[in-house]
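J.:
In the working numbering, the protein residues as written are 406 to 652.
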């Protein structure tokens with residue numbers, strides 16, 4: 406069946422366990438339509454090698470296979486000097502790296518004690534009272550109850566131990582930079598060659614249709630690469646019509 410006419414596609418994420426030519430051939434013969442390369446991991450030289458093998462096998466077998474380059478979006482992570490144990494119902498103070506040197510919880514807040522910093526400068530400016538903050542894939546959940554200039558106060562809904570460098574998701578925050586890097590930054594000196602052999606490139610954490618348009622412009626030299634939009638939070642939902650328009 407022609408991949409262009411088939412509505413449902415099978416996407417396989419590739420990694421070290423599936424990097425050999427023999428395994429990739431079996432995957433393609435089994436019916437995969439698109440292979441996904443996660444650019445959050447691995448060296449670009451490794452990705453380039455896999456792309457070359459997949460294109461060679463696709464031509465050899467006469468089976469069209471799309472290649473999806475999943476680009477890393479902005480990440481927000483915890484910054485703590487030591488583990489912070491949180492219990493449901495208690496309060497915790499939240500600030501970020503911009504206010505790190507300015508804010509002293511023991512002096513500025515009567516509860517002192519437990520504080521968590523985020524590694525994204527001024528991110529607390531865009532968090533409002535009532536917003537929920539998910540930490541470590543939602544295992545820990547906080548709800549903002551008070552907002553001050555240099556810190557937030559939050560109630561612990563789901564407790565646990567907060568460790569350093571754990572991922573944070575805030576579904577309603579609007580001003581996260583969702584810029585897609587230019588391809589020349591990914592493969593210096595090889596950008597044009599790679600444009601010709603990739604077929605899918607997601608934009609991650611788009612805020613508006615302008616973010617998707619940026620991704621389109623960075624790939625404009627190829628007529629065969631489409632942009633897929635990954636909706637990782639709720640900010641762009643109100644603009645979904647505009648966003649989809651650019652897909």
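C-beta: ideal position from N, C-alpha, C; glycine also.
If I measure Cβ to Cβ from residue 443 and keep anything under 6 Å in the same chain, skipping five residues before and after, which residues do I get?
T.: Closer than 6 Å at the Cβ level, and outside the excluded window around residue 443, lie 475.
J.: Could you pull out every residue in the same chain whose Cβ sits closer than 7 Å to the Cβ of residue 507, ignoring the five residues on either side in sequence?
T.: Result list for residue 507: 555, in chain order.
J.: Span of the alpha helix (DSSP H) holding residue 460?
T.: Residues 449 to 466.
J.: Once you ignore the five residues that flank residue 522 on each side, which residues in its own chain have a CB closer than 8 Å to its CB?
T.: Once the five neighbours on either side are set aside, the close Cβ partners of residue 522 are 483, 484, 485, 499, 500, 501, 502 and 505.
J.: What's the C-alpha gap between residue 595 and residue 453?
T.: Caution is warranted here: a pLDDT of 46 is assigned to residue 595, below 50, making its placement in the model unreliable, and the coordinate value is therefore given only provisionally. For residue 595 and residue 453, the distance between alpha carbons rounds to 10 Å.
J.: Among 571, 573 and 535, whose alpha-carbon lies nearest the alpha-carbon of residue 557?
T.: Ranking 571, 573 and 535 by Cα distance to residue 557 puts 535 first.
J.: Where does the unbroken alpha helix (DSSP H) through residue 431 begin, and where does it stop?
T.: Per DSSP, residue 431 belongs to the alpha helix (DSSP H) from 426 to 434.
J.: With a 10 Å radius around its C-beta and 16 neighbouring C-beta atoms as the bar for buried, classify residue 538 as buried or exposed.
T.: Residue 538 comes out buried.
J.: Using only the alpha-carbon positions, how far apart do residue 589 and residue 563 sit?
T.: Because residue 589 sits at a pLDDT of 49, beneath the cut-off of 50, its placement in the model cannot be relied upon, and the following sentence gives the value as read from the coordinates. Answer to the nearest angstrom: the Cα atoms are 43 Å apart.
J.: How should residue 561 be labelled, buried or exposed, when 16 other C-beta atoms within 10 angstroms of its C-beta is the threshold for buried?
T.: So residue 561 counts as buried.
J.: Using beta-carbon positions only, say whether residue 541 and residue 494 come within less than 8 Å of one another.
T.: No, these two residues do not count as a Cβ contact at 8 Å.
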